[in-house]
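Asks: Mind having a look at this structure? Questions to follow.
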Amino acid sequence: MRGRHAAADLRSNGFVALAAGMILPLVVIGAVYGGYQVMSTAGCSGTVRLSVAASPEIAPAIKDAAARWIKTEPRVDHECVAVDVVAVGASEVAAAIAGEHGVTINTLGQADGKTQVPHVWIPDSSIWLQRMRAAREDLVPLAAPSLARSPIVLAVPEPTAQSLGWLENKLTWKQVLQQIVGDTRITAGIVDPNRDAVGVSTMVAMASVRDQFGPEGDALTVGAIKALTSGKSEQQSGLMARFPRDADPRTLSTAVTLAPLSEQALHAYNATGPAVPLIAVYPDPAPIALDYPFAAMPRLSPNRAAAAEQFRSVLSGPAFRNLLATHQLRANDGTVGTGMTLGPSAASSSAVTPVPDPKVINAALQMWIEITQPSRMLAVIDVSAAMKQTVPSAGGLSKQQIAVQAALGGLDMFPESWAVGLWSFSTGHQQLVPIGPLNTQRDQLRGALGTLKPNPKGGSGLYDTVFAAYLSVQQGWDATRGNSVVVITGGRNNDAGGMSLDTLVSSLKKAENKDQPVQIIIIGVGSEVNQGEMQKIVDATGGAVFVAEDPSKIGDIFMKALALDDGR
């Protein structure tokens, strides 16, 4: 929470000392600077002050537990214990801790200058502690036992879940990613993983799929992450606001219809009585659950460390489990307290995925950064005679028409941050739209695509065109973007006066600048495309070849090809 409490030093003496000679114990419970103060002061020689910063969803349960504990008049060496519980986002505390020690947490950014470093930190996930340790091992304690648990789920509006057949099914990540990439009923969203443990957990799960399924897993994962980017929010509140407010098909078509959330966040959303409730889908394997570690900061004074350990000991057992349940949180062993009910899918989701080491977390975050960076792409489309061939399985459309339809579908998916240009080629090539920002020339690109028609007598200068396109993208190379050439072709090079394949490959290798990479992606339409020849081209610079022997399938192939267009 970044209210008035954030400006107060959690470790300063903000409590008013009461007379030591009071006969009856006094418990003071109040909200000060947006936090919760709990204090015992009867017959004490002094006060041990303990500041606690907890993630907002668990902070009320921590505050209630502190109030109950203070009623037992805890002491440390005859000193009373005072507890100040502040609800504050984990990313803000992480940045404050890093800033206090002069270190930087990769991709997190700078501290806001308001959030103070607490004595005890209860973030939503041990992922945060691992990220801190990656920056410097002594920023957080080595031991930080978990207090609660909330699995990561995929939140889907009930009408969408019903139409997808997801109401009762437990889905594998591969199934989920296939739907995200290829199903128009799904508009995905996510909270920026750089600042959100749920996002990081989702990236780690997706990275494991990417490794398990080879090229197919790679394409699915990259495509799904790009889809998630279109609905990215900086804060959870912003993401939740994008869920549909009614079940009208037009609303569902523009709202977020799939997003990773904690189980707690989903239940809290449904508790508000929305017109369209969310269904929790539990993917398999389970992502890393939120676990709310109790992290007593290093270098505390002995009395304060003792008070922190006493307080930690009371944050367990049936009473605390019931407090957690009132805020839709499970106990740390996955069981639930009074008042919280788990459905069949949730109850069967008992697998616990351990928190990985910092290298795995940083690799997942790096994957997010690489894939979501804006792209700078030159699309090059064949208009030679090979593209006039009709395709019976596509209702008699020509290869050209099918290719244009696929390109238009891809264009609609590109985010405004992309820069895209368009060439056509037969024996020679023609620039139709120069590479430029989509936010100003999307309509121009759409119009140019609509004018493409095959030349009935046109040959294919594929090799010369690929080299010219590569040099063009390389000349305007942009360090802030992925730079690529995407070629759609329906046949082989047949320009007798142009480059040979060997000349093209050697020319690409000679022109390549490893400090300014440009990858080539080739999409073949029909069996006339020689995949072996195309593979030699992309091997020279990096990239990929996709061949749709049945041209009617080019739409799926085109989406997979674009999923790999991350400029790496």
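So the sequence shown is numbered by my numbering: it starts at 15 and just counts up by one.
Think of the CB as a built atom: it goes at the ideal place given N, C-alpha and C, for glycine as much as any other residue.
Quick caveat: nothing in here was measured; it's all calculated off a predicted structure.
1) Hey, does R326 have any beta-carbon neighbour from chain D nearer than 8 Å?
2) Between the C-alpha atoms of E563 and M548, what's the straight-line distance to the nearest angstrom?
3) Under 8 Å by Cβ, that's how I've got L280 and A169 pegged, so tell me the actual separation to the nearest angstrom.
4) Am I right that L329 and L181 are in contact with their C-beta atoms under 8 Å? What's the rounded C-beta distance?
5) Please tell me whether G480 and A294 are closer than 8 Å, where the distance is taken between their beta carbons.
6) Exposed or buried, what is I84 when buried is set at 16 or more other beta-carbons lying within 10 Å of its beta-carbon?
7) For the 8 Å Cβ check, are there 3 or more pairs between the stretch 235–252 and the stretch 204–211?
8) Report yes or no: do the stretch 439–448 and the stretch 460–476 share at least 3 C-beta pairs separated by less than 8 Å?
9) Leaving out five residues on either side along the sequence, give the residues of the same chain with a beta carbon under 6 Å from the beta carbon of N507.
10) Quickly, what does DSSP pair D298 with across the bridge? List them, please.
11) Taking the beta strand (DSSP E) that E93 belongs to, which residues open and close that run?
12) Quick check on K471: does DSSP put it in helix, strand or coil?
13) Which of helix, strand or coil does DSSP assign to I395?
14) Cα-Cα, which of G113, G353, P368 and D138 is closest to D126?
15) Quick one, which of P316, R326 and G213 has its alpha-carbon nearest A80's?
16) If the criterion is Cβ atoms closer than 8 Å, does the pair V195 and A378 meet it?
17) Cα separation between G461 and A433?
18) Terminal residues of the continuous beta strand (DSSP E) containing V589?
19) Determine the burial state of R259: buried for a count of at least 16 other Cβ atoms within 10 Å of its Cβ, exposed for fewer.
20) Using DSSP with H/G/I as helix, E/B as strand and the rest coil, what is N497?
21) Can you tell which of N120, D152 and E277 has its C-alpha closest to the C-alpha of H341?
22) When burial is assigned at 16 or more other CB atoms within 10 Å of the CB, is G464 buried or exposed?
23) On a CA-only basis, which of V95, V394, Q176 and D553 is nearest A321? Give me that one, please.
24) Within this structure, are the beta carbons of M311 and V134 separated by less than 8 Å?
25) What is the DSSP secondary structure of I194, reduced to helix, strand or coil?
26) What whole-angstrom Cβ distance do D396 and T503 have, given they're in contact under 8 Å?
27) Alpha carbon to alpha carbon, how far is G237 from A255?
28) Please confirm whether any heavy atom of the ligand FAD lies closer than 7 Å to the CB of M513.
29) Three-state secondary structure (DSSP) at S405?
30) Assuming contact is defined by CB atoms lying nearer than 8 Å, are P165 and A75 in contact in what I supplied?
31) If you measure between the beta carbons of V223 and L253, is that distance less than 8 Å?
32) Is N527 buried or exposed, if buried means 16 or more other CB atoms sit within 10 Å of its CB?
33) Can you check DSSP and say which residues form a bridge with I502?
Replies: Taking the structure as given:
1) Annotation note: the requested chain D is absent from the structure, which comprises a single protein chain.
2) 14 Å
3) 5 Å
4) The pair is not a contact, with the Cβ atoms about 36 Å apart (cut-off 8 Å).
5) The sequence given here places Val at residue 480; Gly does not occur at that position. Not in contact: V480 and A294 (Cβ atoms no closer than 8 Å).
6) buried
7) yes
8) yes
9) S474, L476 and Y477
10) T186
11) E93 to A101
12) coil
13) strand
14) G113
15) R326
16) no
17) 16 Å
18) Past the boundaries of the shown model lies residue 589; the chain is included only from 15 to 582, so the question cannot be answered.
19) exposed
20) strand
21) E277
22) exposed
23) V95
24) yes
25) helix
26) 4 Å
27) 24 Å
28) What this structure holds is no ligand at all, so the ligand FAD is not there to describe.
29) Looking at the sequence provided, one finds Val at residue 405 rather than Ser. Residue state, collapsed to three classes: strand.
30) no
31) no
32) exposed
33) I395 and I537
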